[in-house]
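Peer 1: Shown below is the structure under consideration.
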Amino acid sequence: PTIADLSAIRDLLLREPVVWERDISLEHGGLLPKVTMYLSLMRALVASALGRARQHDVAAWDDLHAAWNLTKSLDGHPHLVLRIVAMSMTRAINAVAWKMPLPVPEWFDEVQKRDLVRPLFETLQYEKWRTWRYQKFPVKPFAEAIDRERTFTGELAARDLLSHVSRDGVVSGDRVSELRQLPCGFILVLRRIPIGDRGKRSQAVGPRPCGRGGNLVPRPEPRRDINRRAQHDKHGQSFFHMTLESRAEDSHGERSGCTVHGELPKFAG
Numbered sequence: 001p002t003i004a005d006l007s008a009i010r011d012l013l014l015r016e017p018v019v020w021e022r023d024i025s026l027e028h029g030g031l032l033p034k035v036t037m038y039l040s041l042m043r044a045l046v047a048s049a050l051g052r053a054r055q056h057d058v059a060a061w062d063d064l065h066a067a068w069n070l071t072k073s074l075d076g077h078p079h080l081v082l083r084i085v086a087m088s089m090t091r092a093i094n095a096v097a098w099k100m101p102l103p104v105p106e107w108f109d110e111v112q113k114r115d116l117v118r119p120l121f122e123t124l125q126y127e128k129w130r131t132w133r134y135q136k137f138p139v140k141p142f143a144e145a146i147d148r149e150r151t152f153t154g155e156l157a158a159r160d161l162l163s164h165v166s167r168d169g170v171v172s173g174d175r176v177s178e179l180r181q182l183p184c185g186f187i188l189v190l191r192r193i194p195i196g197d198r199g200k201r202s203q204a205v206g207p208r209p210c211g212r213g214g215n216l217v218p219r220p221e222p223r224r225d226i227n228r229r230a231q232h233d234k235h236g237q238s239f240f241h242m243t244l245e246s247r248a249e250d251s252h253g254e255r256s257g258c259t260v261h262g263e264l265p266k267f268a269g
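Residue numbers (this note's numbering): 1 to 269.
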């Protein structure tokens with residue numbers, strides 16, 4: 001099918017910032033009806049970028065840059081649905097960036113440095129605040145939910161809660177009950193958000209557990225993840241350390257908003 005001409009929209013997104021009206025008192029910020037339009041425009045920009053990339057047109061990055069600016073327009077909205085949409089679009093932009101012609105433009109560094117942990121913490125806090133402020137609820141269950149999420153926030157920021165989740169999603173039995181209680185925002189943290197590596201393809205490594213019956217299958221090494229750096233233990237298993245910057249004066253994570261004690265959780269390989 002013929003790809004629509006998006007030159008006018010693309011030029012506007014590259015020239016002017018997009019500002020969505022925000023009302024934190026409304027569920028989904030009142031923007032849920034506009035999400036369909038937002039996603040349709042994102043798909044059109046991504047399709048246009050892919051079409052131009054097949055012709056080895058370096059200007060294909062302009063379509064992707066416009067899509068990235070549209071994604072960033074949701075940064076000021078703490079609503080869970082909008083945050084999930086923004087995360088999904090970040091993944092899509094990264095996937096398409098791997099197919100773009102070289103060289104990689106400077107703006108793509110913003111995608112590589114994207115921090116999705118702090119926004120998730122903000123979203124969890126906002127959802128509880130809105131429930132307390134605008135909805136009627138049973139006091140005891142609501143207080144228990146707040147305490148549970150506060151505990152898991154501390155676990156994620158201070159110790160190795162997630163190290164028992166393998167790359168195939170296999171969870172050790174002693175952690176199943178804990179992980180099942182995670183709110184949906186933390187389930188999203190478990191999902192890797194891969195970020196492009198400046199056009200370099202990863203190479204296949206040795207066999208890794210497939211998670212069924214103990215059989216081994218060759219798997220490619222995953223791309224570099226947000227805020228994580230791959231390391232290997234003495235048995236050759238790879239894992240990721242997620243690090244957050246901290247201020248010396250108060251030792252609080254600058255981007256996470258949580259107290260950080262040394263290294264943050266390891267994501268098992």
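A virtual CB, placed ideally from N, CA and C, is assigned to each residue, including glycine.
Jot down the residue ranges of each uninterrupted alpha helix (DSSP H) in the region 11 to 77, minimum 4 residues, whole runs only, in chain order.
Peer 2: Counting whole runs of 4 or more residues, the region 11 to 77 contains the alpha helix (DSSP H) stretches 32 to 54 and 60 to 72.
Peer 1: Would the region 94 to 105 count as touching the region 123 to 132 if we require 3 or more Cβ pairs under 8 Å?
Peer 2: In short, these stretches do not touch, since the Cβ pair count stays below three.
Peer 1: Spell out whether any CB of chain C is found under 8 Å from the CB atom of P105.
Peer 2: The structure shown contains no chain C, having only a single protein chain.
Peer 1: For G169, which residues in the same chain have their Cβ closer than 6 Å to its Cβ, ignoring the five residues on either side in sequence?
Peer 2: Here the model assigns G169 a pLDDT of 44, short of 50, so the residue's position is not dependable, and the following value carries that caveat. Same-chain partners within the cutoff: there are none.
Peer 1: In whole angstroms, what is the alpha-carbon distance linking I93 and R83?
Peer 2: Approximately 15 Å between the Cα atoms of the pair.
Peer 1: Between H114 and T90, which are expected to be in contact by the criterion C-beta below 8 Å, what is the C-beta distance as a whole number of angstroms?
Peer 2: The residue asked about is misnamed: residue 114 is Arg in this sequence, not His. About 6 Å; that satisfies the 8 Å criterion.
Peer 1: When you compare only the Cα positions, how much space is there between A86 and A145?
Peer 2: The alpha-carbon atoms of A86 and A145 are separated by roughly 25 Å.
Peer 1: Can you list, in chain order, the residues of its chain with a C-beta nearer than 6 Å to that of L74? Leave out the 5 residues immediately preceding and following it.
Peer 2: Excluding residues within five positions, the ones whose Cβ falls inside 6 Å are L82 and A86.
Peer 1: Expressed to the nearest angstrom, what Euclidean distance is found between the alpha-carbon atoms of E122 and G76?
Peer 2: Each residue's alpha carbon lies about 11 Å from the other.
Peer 1: Just to confirm, is the Cβ distance from K99 to A53 under 8 Å?
Peer 2: Cβ distance < 8 Å, so K99 and A53 count as in contact.
Peer 1: Take D62 and list the residues in its own chain whose beta-carbon comes closer than 7 Å to its own, dropping the five residues that flank it on each side.
Peer 2: Closer than 7 Å at Cβ, skipping near neighbours: R10 and L14.
Peer 1: Go ahead and pull the three-state DSSP assignment for L116.
Peer 2: Correct three-state label for L116: coil.
Peer 1: Give me the Cα-Cα distance between A66 and L45, rounded to the nearest whole angstrom.
Peer 2: Approximately 7 Å between the Cα atoms of the pair.
Peer 1: So V35 packs on W68, CB below 8 Å; how close in whole Å?
Peer 2: Wrong, their Cβ atoms sit about 18 Å apart, outside the cutoff.
Peer 1: Could you check which residue in K72, W132, L80 and H79 has the C-alpha nearest to that of W107?
Peer 2: Selected option, being the one with the closest Cα: K72.
Peer 1: Of all the options A143, W20 and D5, which has the alpha carbon lying nearest to the alpha carbon of P78?
Peer 2: For the residues A143, W20 and D5, the minimum Cα distance to P78 belongs to W20.
Peer 1: Rounding to the nearest angstrom, what Cα-Cα distance links S305 and D23 in this structure?
Peer 2: As displayed, the chain neither begins before 1 nor continues past 269, which places residue 305 out of reach and without an answer.
Peer 1: How would you label M42, buried or exposed, when you count the other beta carbons within 10 angstroms and need 16 or more for buried?
Peer 2: When all chains shown are included, M42 counts as buried.
Peer 1: Assuming V18 contacts L64 under a Cβ cut-off of 8 Å, what Cβ separation, rounded to an integer in Å, is found between them?
Peer 2: Not a contact, Cβ separation roughly 16 Å.
Peer 1: Is the distance from the Cβ of E149 to the Cβ of L120 below 8 Å?
Peer 2: For E149 and L120, no; Cβs fall outside 8 Å.
Peer 1: Give the straight-line distance between the Cα atoms of P33 and D147, rounded to the nearest whole angstrom.
Peer 2: Distance between the alpha carbons of P33 and D147: 33 Å.
Peer 1: Can you tell me the Cα-Cα spacing of S88 and S40, whole angstroms?
Peer 2: For S88 and S40, the distance between alpha carbons rounds to 13 Å.
Peer 1: Rounded to whole angstroms, what's the CA-CA distance from G51 to A8? Just pull it up for me.
Peer 2: The straight-line gap from Cα to Cα measures roughly 17 Å.
Peer 1: DSSP state of W129, grouped into three classes?
Peer 2: Note: W129 maps to helix in three-state DSSP.
Peer 1: Here's a check: name, in chain order, each residue in its chain whose Cβ is nearer than 8 Å to the Cβ of D288, leaving out the five neighbours to either side.
Peer 2: The first residue shown for the chain is 1 and the last is 269, placing residue 288 beyond what the model contains.
Peer 1: Here's the rule I'm using: 16 or more other beta-carbon atoms within 10 Å means buried, otherwise exposed. How should L80 be labelled?
Peer 2: That one is buried.
Peer 1: When you compare only the Cα positions, how much space is there between L116 and E16?
Peer 2: Near 24 Å, if we compare the C-alpha coordinates of E16 and L116.
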